[in-house]
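Every position in the sequence shown, counted from 1, becomes a number in my numbering once 1 is added. What follows is a short report on a single structure.
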Amino acid sequence: MAEATIAAEQGRRPSRGGALFVAVLGLATLAVYTLALTLPFSIVELGDKPLLSLAGLTGRTAKGIFHYLLALGLPFLFYLEGLVACLRWRVPLSLVIGFSLLFGLALMLVYPLTAVDVFVYGAQARVLTHHGANPQVVAPAAFPDDPFLGWMAFKEATPPYGPLWTYLAAIPTLIGGEEPMRVALGMKALSLASLMGSVLLVYAIAQRFRPGTGTAAAYLLGWNPLVLWSTAGDGHNDMVMAFFVLLAFFLLQREPSMALSALILAGLVKYAALLLAPLFLLFLWRRHNLAFMIASVALAVGVGAIVLAPLWEGLATFGGLLGHLGNRASMSLGSIFILAGQKLGLSGNVVALAGRDLLYGAFLGLYIFFLVSFRGTMDGLVRSAFLVTFSFLVLATFWFRFWYLLWLVPLTALLPLEEKRLRTVGLAFSGSAILLYLFTDYVWVWTGLGLVGQMAAVLTVFLPPVLVWLYPRRLPRPFWK
Numbered sequence: 002m003a004e005a006t007i008a009a010e011q012g013r014r015p016s017r018g019g020a021l022f023v024a025v026l027g028l029a030t031l032a033v034y035t036l037a038l039t040l041p042f043s044i045v046e047l048g049d050k051p052l053l054s055l056a057g058l059t060g061r062t063a064k065g066i067f068h069y070l071l072a073l074g075l076p077f078l079f080y081l082e083g084l085v086a087c088l089r090w091r092v093p094l095s096l097v098i099g100f101s102l103l104f105g106l107a108l109m110l111v112y113p114l115t116a117v118d119v120f121v122y123g124a125q126a127r128v129l130t131h132h133g134a135n136p137q138v139v140a141p142a143a144f145p146d147d148p149f150l151g152w153m154a155f156k157e158a159t160p161p162y163g164p165l166w167t168y169l170a171a172i173p174t175l176i177g178g179e180e181p182m183r184v185a186l187g188m189k190a191l192s193l194a195s196l197m198g199s200v201l202l203v204y205a206i207a208q209r210f211r212p213g214t215g216t217a218a219a220y221l222l223g224w225n226p227l228v229l230w231s232t233a234g235d236g237h238n239d240m241v242m243a244f245f246v247l248l249a250f251f252l253l254q255r256e257p258s259m260a261l262s263a264l265i266l267a268g269l270v271k272y273a274a275l276l277l278a279p280l281f282l283l284f285l286w287r288r289h290n291l292a293f294m295i296a297s298v299a300l301a302v303g304v305g306a307i308v309l310a311p312l313w314e315g316l317a318t319f320g321g322l323l324g325h326l327g328n329r330a331s332m333s334l335g336s337i338f339i340l341a342g343q344k345l346g347l348s349g350n351v352v353a354l355a356g357r358d359l360l361y362g363a364f365l366g367l368y369i370f371f372l373v374s375f376r377g378t379m380d381g382l383v384r385s386a387f388l389v390t391f392s393f394l395v396l397a398t399f400w401f402r403f404w405y406l407l408w409l410v411p412l413t414a415l416l417p418l419e420e421k422r423l424r425t426v427g428l429a430f431s432g433s434a435i436l437l438y439l440f441t442d443y444v445w446v447w448t449g450l451g452l453v454g455q456m457a458a459v460l461t462v463f464l465p466p467v468l469v470w471l472y473p474r475r476l477p478r479p480f481w482k
């Protein structure tokens, strides 16, 4: 594999034309973001109006759908063209990172049009910063006079996130004070900073293990329109989790005894990151002795205990997560299973439990297979982490939203050049997931939320990457060649 990487790098050549082509694509992408999103939906102009959405502002018309596809679909086409160039020619890293930052800054100035999560983060953090209560067990609704309640959904719910996210979210909440939009800008800035840090980590990891591939890896993450919009536009915290996951991969190269601790920190932002813990343990076990393993695990447990301790309330600390897992199903195979059972006259609770057992069982079976077939190399770890995350999103995520692709795209960027199929899976998934918003806020409003609508949405989003994954062993021609 190392020989193949060296050969691929020797085949790529410095090219002023390639750099110019990427720069032109960057300018075109920046123009689309600015004209289609930043100017018409400025956070400065709309900042005093709660619970706005792109669908609401465009009247849920066909024109609104076209606007959305123009704003994110056209940059995605530019993004694929640029990826071709980065894989074919040596493009300056400064060009890739510079435009990624410009895109992020332009989108940071857009009102969060496709989710209200930044305001939810603020309201939940205010439980700690302004009311002195523990947000892991006390919902924002306990403080009915709080000005943030009018800007959020799920007022009665405690966060399904870890306490580390509560501490991080407290920073922009304290800075923003009583102004929801100032807090939202702070959350967006935190998310964008996590993205830029993740881009640098992806570059460093890829460059160390596969010299010459770092810039293409940084581009794949930093220019992805779904990633940019979900972080800088909507301000989701998933990229904060991804940053710590990437830090764990980075530390495997430099300070392997601290890698598990970084992964624990990722899990204390969003618990989903802990799915990768068995893979990391197996990787370290194959490379180090028992004493090293004991010390690494002890350090990780200690780090986790320090973070958890101030907000620890026993199992109630995880009540938000358990409520999220137990009560919601939408845009997933699980939701189709439930709706189909109800159509047949079966009890909703019975169908939900059966569906969860079936899909969780399928995921667990795949996970065991990935562990058994795990190759004890860094490339093998990245591949297995990608497959575990992809399988979890498709099978075991009952409440699916497009920003969950922030878990997968960073791993896609780390895949070696030889993993053409999985790279295509990740790119196809991040492209098809962009279409999800059109169902949740347009099509389902027009037609009603039912089995047919759920099936259409799930097939649109999940079928392209699954078909690529299941395609016969040899792909005829990768699209970037």
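All C-beta atoms in this analysis are idealised placements derived from N, C-alpha and C, irrespective of residue type, glycine included.
Residue i, DSSP secondary structure in three states
| i | result |
| --- | --- |
| Trp90 | strand |
| Leu276 | helix |
| Leu316 | strand |
| Ser374 | coil |
| Glu4 | Confidence is the limiting factor: at Glu4 the pLDDT is only 42, short of 50, which leaves the residue's position unreliable and the question unanswerable from this model. |
| Gln11 | Because the pLDDT at Gln11 is just 41, under 50, the model does not fix this residue reliably, and the value given afterwards should be weighed accordingly. In the structure shown, Gln11 sits in a helix (DSSP, three-state: H, G or I). |
| Ser258 | helix |
| Val111 | strand |
| Trp400 | strand |
| Ser43 | strand |
| Ser331 | strand |
| Glu82 | helix |
Local Cβ density within 10 Å of residue i, reported as buried at 16 or more and exposed below that
| i | result |
| --- | --- |
| Pro136 | buried |
| Thr39 | buried |
| Ile66 | buried |
| Ala386 | buried |
| Trp166 | buried |
| Asp147 | buried |
| Tyr472 | exposed |
| Arg211 | buried |
| Ala207 | buried |
| Arg287 | exposed |
| Leu26 | buried |
| Gly215 | buried |
| Ser374 | exposed |
| Ala170 | buried |
C-alpha distance - residue i paired with residue j, whole-angstrom precision
| i | j | result |
| --- | --- | --- |
| Thr115 | Ala296 | 44 Å |
| Pro417 | Val410 | 14 Å |
| Gly320 | Ala86 | 47 Å |
| Arg422 | Lys50 | 44 Å |
| Ser195 | Gly234 | 13 Å |
| Ser192 | Tyr405 | 14 Å |
| Thr413 | Arg424 | 6 Å |
| Ala134 | Phe399 | 30 Å |
| Gly177 | Val139 | 21 Å |
| Gly18 | Gly362 | 51 Å |
| Leu201 | Tyr80 | 18 Å |
| Trp152 | Asp118 | 10 Å |
| Lys156 | Leu106 | 30 Å |
| Ile339 | Thr318 | 29 Å |
| Val455 | Ser336 | The sequence shown places Gln at residue 455, rather than the Val named in the question. Each residue's Cα considered, the two are about 8 Å apart. |
| Gly99 | Ala457 | 38 Å |
| Ile435 | Ala72 | 11 Å |
| Val352 | Leu84 | 43 Å |
| Ala330 | Gly356 | 11 Å |
| Leu285 | Gly48 | 48 Å |
| Ile265 | Ala274 | 8 Å |
| Ala37 | Phe440 | 20 Å |
| Leu468 | Phe391 | 13 Å |
| Gly451 | Leu365 | 29 Å |
| Thr378 | Pro257 | 14 Å |
Contact belief for residue i with residue j at Cβ below 8 Å, rounded distance in angstroms
| i | j | result |
| --- | --- | --- |
| Ser231 | Leu70 | Wrong, their Cβ atoms sit about 17 Å apart, outside the cutoff. |
| Pro173 | Gly187 | 2 Å |
| Tyr438 | Phe403 | 7 Å |
| Thr59 | Phe104 | Between Phe104 and Thr59 the Cβ distance is about 22 Å, and since that is not below 8 Å, they are no contact. |
| Phe281 | Ala243 | That belief does not hold up - the Cβ atoms of Phe281 and Ala243 are roughly 15 Å apart, past 8 Å. |
| Leu78 | Thr130 | Between Thr130 and Leu78 the Cβ distance is about 42 Å, and since that is not below 8 Å, they are no contact. |
Test item: CB-CB of residue i and residue j under 7 Å
| i | j | result |
| --- | --- | --- |
| Lys189 | Gly223 | no |
| Ala260 | Leu252 | yes |
| Tyr220 | Val389 | no |
| Ser262 | Val302 | no |
| Ile44 | Tyr122 | no |
| Pro76 | Val33 | yes |
| Lys271 | Tyr168 | no |
| Phe149 | Pro181 | yes |
| Ser199 | Leu247 | yes |
| Leu227 | Ser431 | yes |
Closer than 7 Å to chain B by CB, residue i
| i | result |
| --- | --- |
| Ala306 | This model lacks chain B altogether; it includes just one protein chain. |
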